[in-house]
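Colleague:
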Amino acid sequence: MPTFNSLFLLFITLCSSAWVFADDELDTSNTYELPITLQTLLESNGRSSLVNLVQLGNLNTANIMQTGNNNYVDLMQLGDNNEANITQDGKNNQVELIQVGGDNQADITQIGNDNLVNLNQLGSANFSIEQIADGAEITITQY
């Protein structure tokens, strides 16, 4: 299980921006900022919760808040400007989210136990899912 220090170091590394300086006669007017490839905020309060996160592209954002035990998020963002906001409060909740393309936005809230969300956004789409129950299941694919 990762410690707070290792998670904090990973968070700082992922959220920092890089600078490139051109050395054309040491002219500092040629300063370029590279895009932040990904931004991630993970907050977990409980036991045995897991986040599996893959982000490929530019300016992808993931905000994941977990409270409770045995919650699971599997998130893949491929493309640019994708955003995922996931909140889990309870136990044994699961989110499987795939965002492929650009400008996808997903807001998912699970409150309760044993809930499942399976959302595939393949293109450019916005979606919001709220599960406030026990044992609820939803699968959505958007093209």
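Residues -22 to -1, 1 to 121 in mature numbering (1 follows the signal peptide of the UniProt record, and there is no 0) are what the sequence shown lists, from first letter to last.
Note that CB positions come from ideal geometry on N, CA and C, so glycine has one too.
#1: Please find out if some non-hydrogen atom of the ligand GTP comes closer than 6 angstroms to the beta-carbon of Ala40.
#2: I need the straight-line Cα distance from Ala103 to Gly24, nearest angstrom please.
#3: Measure from the alpha carbon of Asn71 to the alpha carbon of each residue in Gly80, Gly57, Val51 and Asn59, then state which is nearest.
#4: Tell me the rounded alpha-carbon separation between Leu53 and Asn59.
#5: Can you look up Asp67 in the DSSP assignment and give me helix, strand or coil?
#6: With a threshold of 6 angstroms on Cβ separation, who are the neighbours of Thr65 within its own chain once the five nearest residues in sequence on each side are excluded?
#7: Judging by CA-CA distance, which residue of Ser27, Thr119 and Asp85 is the nearest neighbour of Asn41?
#8: Answer with buried or exposed for Gly113, where buried requires no fewer than 16 other C-beta atoms within 10 angstroms of its C-beta.
#9: Going straight from the alpha carbon of Gln77 to that of Ala111, what length do you get?
#10: For a quick check, are the C-beta atoms of Glu115 and Leu94 less than 7 angstroms apart?
Modeller: Short version:
#1: Ligands are entirely absent from the displayed structure, and the ligand GTP is therefore not among its contents.
#2: Stepping through the sequence shown from its first residue, residue 103 is reached at position 125. Stepping through the sequence shown from its first residue, residue 24 is reached at position 46. Between Ala103 and Gly24, the C-alpha separation is close to 32 angstroms.
#3: As a working mapping, residue 71 is identified with position 93 in the sequence shown. Answer by Cα proximity: Val51.
#4: To locate residue 53, count along the sequence shown from 1; it is residue 75. To locate residue 59, count along the sequence shown from 1; it is residue 81. If I take the Cα positions, the gap works out to 15 angstroms.
#5: For the purposes of this step, residue 67 is taken as the residue at position 89 of the sequence shown. In the structure shown, Asp67 sits in a strand (DSSP, three-state: E or B).
#6: Along the sequence shown, one-based indexing puts residue 65 at 87. These residues qualify, in order along the chain: Met43 and Thr87.
#7: As a first step, residue 41 is located in the sequence shown; it is residue number 63 there, counting from the start. Considering only alpha carbons, the answer is Asp85.
#8: Here the question's residue 113 lines up with position 135 in the sequence shown. The residue in question, Gly113, is exposed, as its Cβ has fewer than 16 Cβ neighbours within 10 Å.
#9: Counting from one through the sequence shown, the residue named residue 77 turns up at place 99. Counting from one through the sequence shown, the residue named residue 111 turns up at place 133. The alpha-carbon atoms of Gln77 and Ala111 are separated by roughly 25 angstroms.
#10: Locating residue 115 in the sequence shown gives position 137, counting from the first residue. Locating residue 94 in the sequence shown gives position 116, counting from the first residue. At a Cβ-Cβ threshold of 7 angstroms, Glu115 and Leu94 count as neighbours.
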